[in-house]
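Data first, discussion second: the structure below is written as structure tokens.
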Amino acid sequence: TVDITSRYDGKVEKLCGVQGDMVEVGSPLMFINAASDGTKIEDGNESSNVEEGYVSESADNMAADNLRDEESFEIPNVGVEKGSNSKVFASPAVRRLSMENGLNLTSIHGSGKDGRVLKSDIVQLLNERNEESMNTLSMESNENQPTKKSLDEVISIGGYNRIMVNAMEKTLQVPHMFYSDKVD
1 TVDITSRYDG KVEKLCGVQG DMVEVGSPLM FINAASDGTK IEDGNESSNV
51 EEGYVSESAD NMAADNLRDE ESFEIPNVGV EKGSNSKVFA SPAVRRLSME
101 NGLNLTSIHG SGKDGRVLKS DIVQLLNERN EESMNTLSME SNENQPTKKS
151 LDEVISIGGY NRIMVNAMEK TLQVPHMFYS DKVD
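Under UniProt numbering, think of the first position of the sequence shown as 1, with each following residue one higher.
Next comes the structure, spelled out in structure tokens:
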């Protein structure tokens, strides 16, 4: 399952499926009553309010309109709190990485297209923090202890390498037998 957040606040009028259902690409997930002026919002896309129900625009018409109005496109800020990570352009992986490390995405200047925060921005910020902490740690150790200590370097293992390390560790749990024969 995937969590999809809406950029609109409002009341969910109707769900177009139940948990576990497969939903076609382009079809609405839910109908949200987000506007106080009587217009209805369908899954984040504006549509008209008709007495009998909701009328939605087709995806082709909306895409054509978006291409024509590309210069005047503005992202609505409805329901977005100040200091929230949701108004910063970033991929879900970058949002997760920043959340795991306790970083606020609004305080990070993105180096990507249109100010998008990239994974490299997060990694660079974390490396700078580690260097600062290492410098303060080394200064404190120089003042307190005249002997030189070697610091262990921790390297995170991820992806394919992590799977390989886990498999190698599991092989150590299997009983081993060694047989040798010496010939003169």
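Just so you know, even glycine gets a beta-carbon here, dropped at the ideal spot from N, CA and C.
Item                                                                                      : Value
DSSP three-state assignment for residue 30, whether helix, strand or coil                 : strand
CB contact flag (residue 123, residue 105, <9 angstroms)                                  : no
Burial state of residue 151, where buried means 16 or more other Cβ atoms lie within 10 Å : exposed
Proximity below 9 angstroms, CB of residue 31 to CB of residue 18                         : no
DSSP beta-bridge partners of residue 12                                                   : 32
Assigned exposure category for residue 180 - 16 Cβ within 10 Å defines buried             : exposed
Boundaries (first-last residue) of the alpha helix (DSSP H) holding residue 99            : 92–100
Beta carbon of residue 223 nearer than 9 angstroms to that of residue 90                  : Residue 223 falls outside the range modelled here, since the chain spans only 1 to 184, and no answer is possible.
Alpha-carbon spacing of residue 10 relative to residue 4, whole angstroms                 : 15 angstroms
Reference residue 26, options 20, 16, 160 and 34, closest by Cα                           : 16
Status (buried if at least 16 other CB within 10 Å, exposed otherwise) for residue 108    : buried
Burial state of residue 34, where buried means 16 or more other Cβ atoms lie within 10 Å  : buried
Distance, residue 166 Cα to residue 103 Cα                                                : 29 angstroms
Residue 28 burial status per 10 Å Cβ neighbour count (16 or more: buried)                 : buried
Straight-line gap, residue 129 to residue 22 (C-alpha atoms, nearest Å)                   : 43 angstroms
Three-way DSSP call (helix, strand, coil) for residue 23 in this model                    : coil
Burial state of residue 98, where buried means 16 or more other Cβ atoms lie within 10 Å  : buried
Beta-carbon gap between residue 133 and residue 121 smaller than 9 angstroms              : no
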